[in-house]
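>
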Amino acid sequence: MHKQRLTVGAVVVLILSLLGGSASRAQAEKDVYDPNVSYDCDRACLNGFVDQYLAALVAHDPARLPLARDVKFTENGQALKLGDGLWGTASAVTTHKIYADDPQAGQVLFLGALQENGAPIILALRLKVEIRRITEIETVVTRKEAGSFARPEAFVAKPIFSETLAPPERRSRQNMIAIANSYFSAIERGNGTKYVPFDKDCNRVEDGVQTTNNPSLSPSGNSTSVFGLGCAEQIKLGEFQPDTAIRDRRFLVVDEERGLVFVFGFFDHDAQLRSYTRTDGRTVQQTRTAPWTWEIAELFKIQNGKIRQIEALVNAVPYTMKPGW
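Reading the sequence shown from the start, the letters are residues -19 to 305 in the working numbering.
1) Can you give the Cα-Cα distance for N284 and P177, rounded to whole angstroms?
2) Please list, in chain order, all residues of the same chain as P100 whose beta carbon is under 6 Å from its beta carbon, the five residues on each side excluded.
3) With a threshold of 16 other CB atoms inside 10 Å of the CB of Y79, please say whether the residue is buried or exposed.
4) Within the segment 220 to 260, note down every full alpha helix (DSSP H) run reaching 4 residues or more, in order along the chain.
5) Between which residues of its own chain and E237 is the CB-CB distance below 6 Å, once the five residues before and five after are set aside?
6) At what residue ranges does the segment 23 to 66 contain a whole run of the alpha helix (DSSP H), taking only runs of 4 or more?
7) Could you name the residues of the same chain whose beta carbon sits closer than 6 Å to that of W69, not counting the 5 residues immediately before and after it, in chain order?
8) Spatial neighbours of A8 within its chain, please: C-beta separation below 8 Å, excluding the five flanking residues on both sides.
9) Using the three-state DSSP reduction, which class does E275 fall into: helix, strand or coil?
10) Alpha carbons only, please: which of F29, T259, P222 is nearest the one belonging to W272?
11) Helix, strand or coil, according to DSSP, for I78 in the structure here?
12) Do V73 and L34 have their C-beta atoms closer together than 7 Å?
13) Pull up the CB-CB distance for L232 and Q87, whole angstroms please, since I reckon it's below 8 Å.
14) Could you spell out where the alpha helix (DSSP H) holding Q154 opens and where it closes?
15) Using 8 Å as the threshold, is the segment 187 to 195 in touch with the segment 256 to 274, meaning 3 or more CB pairs across them?
16) Report the residue from L209, L89, N155, F141 whose alpha carbon sits nearest the alpha carbon of I117.
17) Drop a sphere of 10 angstroms on the beta-carbon of Q(-16), count the other beta-carbons inside from all chains shown, and report buried for 16 or more, exposed for fewer.
18) Put G170 into one of helix, strand or coil per three-state DSSP.
19) Rounded to a whole number of angstroms, what is the C-alpha to C-alpha distance between S128 and F207?
20) Please return the same chain residues whose Cβ sits closer than 8 Å to the Cβ of P298, not counting the five positions on each side in sequence.
21) Under the three-state reduction of DSSP, which class applies to P177: helix, strand or coil?
22) Output the boundary residues of the beta strand (DSSP E) element that contains L94.
23) If you draw a straight line from the C-alpha of Y306 to the C-alpha of P46, how long is it?
24) Of the choices P147, Q214, S205, whose alpha-carbon is the least far from that of F180?
25) Buried or exposed: where does R268 fall if 16 or more other Cβ atoms within 10 Å of its Cβ makes it buried?
26) Assuming contact is defined by CB atoms lying nearer than 7 Å, are G210 and N171 in contact in what I supplied?
27) Starting from the C-beta of S255, find all residues in its chain whose C-beta is less than 7 Å away, skip the five residues before and the five after it, and write them out in chain order.
28) Measuring only the C-alpha atoms, how far is I102 from V120?
29) In chain order, what residues of the same chain have a beta carbon less than 8 Å from the beta carbon of R123, not counting five sequence neighbours either side?
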């Protein structure tokens, strides 16, 4: 009798196991590659995934998305459960949107203005799509924090980022990445000696604020201060010597047709350099006393082999924080 009970119990366990496994198999079958189906995802397809994501985000419902079983999600470098973080607070998407598409890599970037419980924010979103399912979701969110010059409400989608380049104006993927990388290499412990191919009309915007050719950001409107200078002039000035390391540079989205390169990375400052001399002869005293790190999400427009425009998000994070990828 005891053996009979065990046998019946084993059968019940087996049945429950099979029933439970059927749900897992059903989900698994959704991710199985079908050689008879085309999974190519062009620009329109990738942008469609972004639009789906944004609609699901403001609806606070990630179940609306075509997700891979092992999808990974981070917000500001932290791995979160999908549905947490901005998923619970996003309230609206505005019309200010930038897309960069990389069908070759199956990746797409969105940079745009949103509302979070009615407050303006800027979102950088990277999606990786495989077999028409989202496998990676990486986000950086810039909010208006106390003491920051960030102005999320001022973010606009500049038309230059959506303009298609004529074939002679384009460069190869490798060349575009090298150009964007030269920018970071020149800033790292930047003493003004490294060359970066800037267009003469280059400008940079950080967190909605133009930080080149903008003397209004300079003390007393002094146009010789760093914010009053252009992209090339800032580099040549040697202003970036306190930037001790620019690391974990990940060039993930390259849009050759539009000349766009998107990068995630970190700017470390060890605060050991207490003063430095710029190329104009001025000695600058370092006012910050403790080490700090900025997490960056940066988009470059490269035209005719030169950096024409930069749009960046910059967030303060714990010193030497890792990217989570």
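Every residue, glycine too, gets a C-beta built ideally from N, C-alpha and C.
Put simply:
1) 10 Å
2) P132, E133
3) buried
4) none
5) T144
6) 23 to 38
7) The sequence given here places Thr at residue 69; Trp does not occur at that position. Once the five neighbours on either side are set aside, the close Cβ partners of T69 are E96, N97.
8) Below a pLDDT of 50, predicted positions are generally treated as unreliable, and A8, at 41, falls in that range; the measurement from the model is reported next regardless. Closer than 8 Å at the Cβ level, and outside the excluded window around A8, lie R49.
9) strand
10) P222
11) strand
12) yes
13) 6 Å
14) 153 to 167
15) no
16) L89
17) Unreliable positioning characterises Q(-16) in this predicted model, as indicated by a pLDDT of 45, which lies under 50. A coordinate reading is not provided.
18) coil
19) 15 Å
20) T273
21) coil
22) 87 to 96
23) Missing from the structure shown is residue 306; the chain here goes from -19 to 305 and no further.
24) Reading the sequence as shown, one finds Lys at residue 180 and not Phe. It is Q214.
25) exposed
26) no
27) T263, V264, Q265, Q266
28) 8 Å
29) E96, A99, I101, A130, P132
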